[in-house]
Each structure stands twice: as C-alpha cells, then as structure tokens.
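Engineer: Please find one structure pasted underneath; my questions will follow.
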Amino acid sequence: MGTSGWSYKQWVGSLYPAPTPAFRMLATYAERLPTVEAHNSFRRRPQPPAVEGWANAVPASFRFAFKAHVAITHQRELEGVEERISNFFESLAPLGDKLGPVLFQLPHRDVDLDRLDRLLAPLPPSPSAAFELGPAWNTPVVLDRLDKAGATLVAVDEDGEEPAVPAVGPVAYVRLRRDEYDAAALARWAERLTDIARSGRPAFAYLRHEGDPLEAVRLFDAVRD
Numbered sequence: 003m004g005t006s007g008w009s010y011k012q013w014v015g016s017l018y019p020a021p022t023p024a025f026r027m028l029a030t031y032a033e034r035l036p037t038v039e040a041h042n043s044f045r046r047r048p049q050p051p052a053v054e055g056w057a058n059a060v061p062a063s064f065r066f067a068f069k070a071h072v073a074i075t076h077q078r079e080l081e082g083v084e085e086r087i088s089n090f091f092e093s094l095a096p097l098g099d100k101l102g103p104v105l106f107q108l109p110h111r112d113v114d115l116d117r118l119d120r121l122l123a124p125l126p127p128s129p130s131a132a133f134e135l136g137p138a139w140n141t142p143v144v145l146d147r148l149d150k151a152g153a154t155l156v157a158v159d160e161d162g163e164e165p166a167v168p169a170v171g172p173v174a175y176v177r178l179r180r181d182e183y184d185a186a187a188l189a190r191w192a193e194r195l196t197d198i199a200r201s202g203r204p205a206f207a208y209l210r211h212e213g214d215p216l217e218a219v220r221l222f223d224a225v226r227d
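Structure follows, in structure tokens:
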C-alpha cells in the first residue's frame, strides 16, 4: 500500500515530522509505507544518479511502481516504440529488485489491438507491466493478450461502485482515486487486498497524493494486522 508520489511539502506535519527536508522525504516515507507509485518518470526519463539515490534511500523490501514515459503511452506514432520501451526499462535497472510493476496508462478510449500488441511485444519478463485502460478495452480478446504477455489489468476505484480486481496478470494493481476514504471503505479494501495476497498474488494499491497520506498508512496497517 502506498501513495502516488512522495515529495509533497504539504505532508510535513502529517506523514513527515516537521521539519523534514525534501531530500529526506523518500527515506521517511519508506519508514511508514512499503511502496510508492512514482509519476516523475512520465514526463522525464529517470537518470541513473537519481535512480541510484532513490534505491539507496529505501530498504531492500521497498518497491517502486513507475509510470511509463509519455512518449511510450501517448505518442501517436508507434515507430520506434520498442526502443523507447527498452530504454525506459534500462533507465530503471539500478533499482534491481526494488522495481515493482510499471504502470502503462493508455489514454485511448477505443480499442487499438495493434497498439497494444506493439507495447506488449518488447516487454521484459520482469518487472510486471500494469495497464490502465478505458472501459471499452475490457473485452476477452484484450484480457487474453494481457494475460499471455504476463501483464496486469489495473483496477481503478473512482466515484461509484467499487470495481472488481481483475484476475489478469501475475500481480494485482489497484489505484484508489476517490477524494477520501472513510474507515468502512478502507476496511473493505483491506479485506479484499488481504484475500488477494493470501492467494499468493502480490497486491499493490495506491491512493491519490491529494488526499490524506495517513489513509495509506491506515490501510497498510489494516492489511498487515
């Protein structure tokens, strides 16, 4: 359980004791939570010195989930996408076992099987790739392609009914996007995520950074207990 990002000044005084400087935020975050969904890789490919610094700031059990670069997921032209994917994963290599699933957010509302195939083909066997797709993509042919490629379909919890967590891929990946979660909602998600983990399937869940980061701590504590 974690949040989307870690470097937020507004968390000083809640998740981070005051005064916590920016360069200590990740290490302090990792004392409370076991994973983070990093978005800075969406606009800028991570550079080795920064990646090595992040890896050294967290314990061996910590896992980073990085968001795939915009040139991979949002660029219309697919020529060269295989090389872009390879370069992106290479930039994350210094993390070693601390690299968890990589998030691919496709903005396309309509199903594009050619695009999906081009993205799936060059993926390395590990770490896992997790795809956040629109409702139209939730079809047997898409799910079959993801499953055969060892990729995960992301479950997104927004306003409305809580979504099912697809049994597609080697891990479960849940994005908790509501503005806030009351105790009952956190308890329900804790129970569901615990059941998934007990089945032997690693589960990753991330709350929005705009909310209270202590909700992620409470969710993690509930699952751990």
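Under the numbering used here, residues 3 to 227 are what the sequence shown spells out, in order.
Backbone N, C-alpha and C define an ideal beta-carbon position, used for all residues, glycine too.
This structure is a prediction, so every number in the text was calculated from the model and none was measured.
Who are the near neighbours of Phe126 in its chain, counting only those whose CB is closer than 7 Å to its CB and skipping five residues on each side?
Structural biologist: As written in the sequence, residue 126 is Pro, which differs from the Phe given in the question. So the qualifying residues of the chain are Phe91.
Engineer: Tell me which same chain residues have a C-beta within less than 8 Å of the C-beta of Pro61, skipping the five on either side of it?
Structural biologist: Excluding sequence neighbours, Pro61 sits near Ala32.
Engineer: Measuring alpha carbon to alpha carbon, tell me which residue in Tyr18, Leu80, Ala70 and Arg180 is nearest Glu165.
Structural biologist: The residue you asked about is not Glu; residue 165 is Pro in the sequence shown. Nearest option by C-alpha distance: Arg180.
Engineer: For Arg226, collect the residues of the same chain with a Cβ closer than 7 Å to its Cβ; drop the 5 residues on either side in sequence, then sort them by chain order.
Structural biologist: Hits under 7 Å: none found.
Engineer: Assuming contact is defined by CB atoms lying nearer than 9 Å, are Leu80 and Arg120 in contact in what I supplied?
Structural biologist: A contact, by the Cβ cut-off of 9 Å.
Engineer: For Ala123, which three-state DSSP category applies?
Structural biologist: In the structure shown, Ala123 sits in coil (DSSP, three-state: anything other than H, G, I, E or B).
Engineer: Determine the closest residue to Lys100 out of Ile198, Pro215 and Val53, with distance taken between C-alpha atoms.
Structural biologist: The option with the nearest alpha carbon to Lys100 is Val53.
Engineer: Taking only runs of the beta strand (DSSP E) that begin and end inside the segment 115 to 177, which ones reach a length of at least 3 residues, in chain order?
Structural biologist: For the segment 115 to 177, whole beta strand (DSSP E) runs of length 3 or above, ordered along the chain, are 131 to 134 and 157 to 159.
Engineer: Which value, in whole angstroms, describes the spacing of the CA atoms of Ser93 and Phe25?
Structural biologist: Those two C-alpha atoms are separated by around 21 Å.
Engineer: Expressed to the nearest angstrom, what Euclidean distance is found between the alpha-carbon atoms of Pro109 and Ala59?
Structural biologist: Between Pro109 and Ala59, the C-alpha separation is close to 33 Å.
Engineer: Should Gln49 go down as buried or exposed, given a rule of 16 or more other Cβ atoms within 10 Å for buried?
Structural biologist: So Gln49 counts as exposed.
Engineer: Are the Cβ atoms of Tyr183 and Phe206 separated by less than 9 Å?
Structural biologist: It is not a contact, given that the beta carbons lie outside the stated cut-off.
Engineer: Any chance you could list the beta strand (DSSP E) runs of at least 3 consecutive residues sitting entirely within the segment 76 to 104, in chain order?
Structural biologist: Listed in chain order, there is nothing to give.
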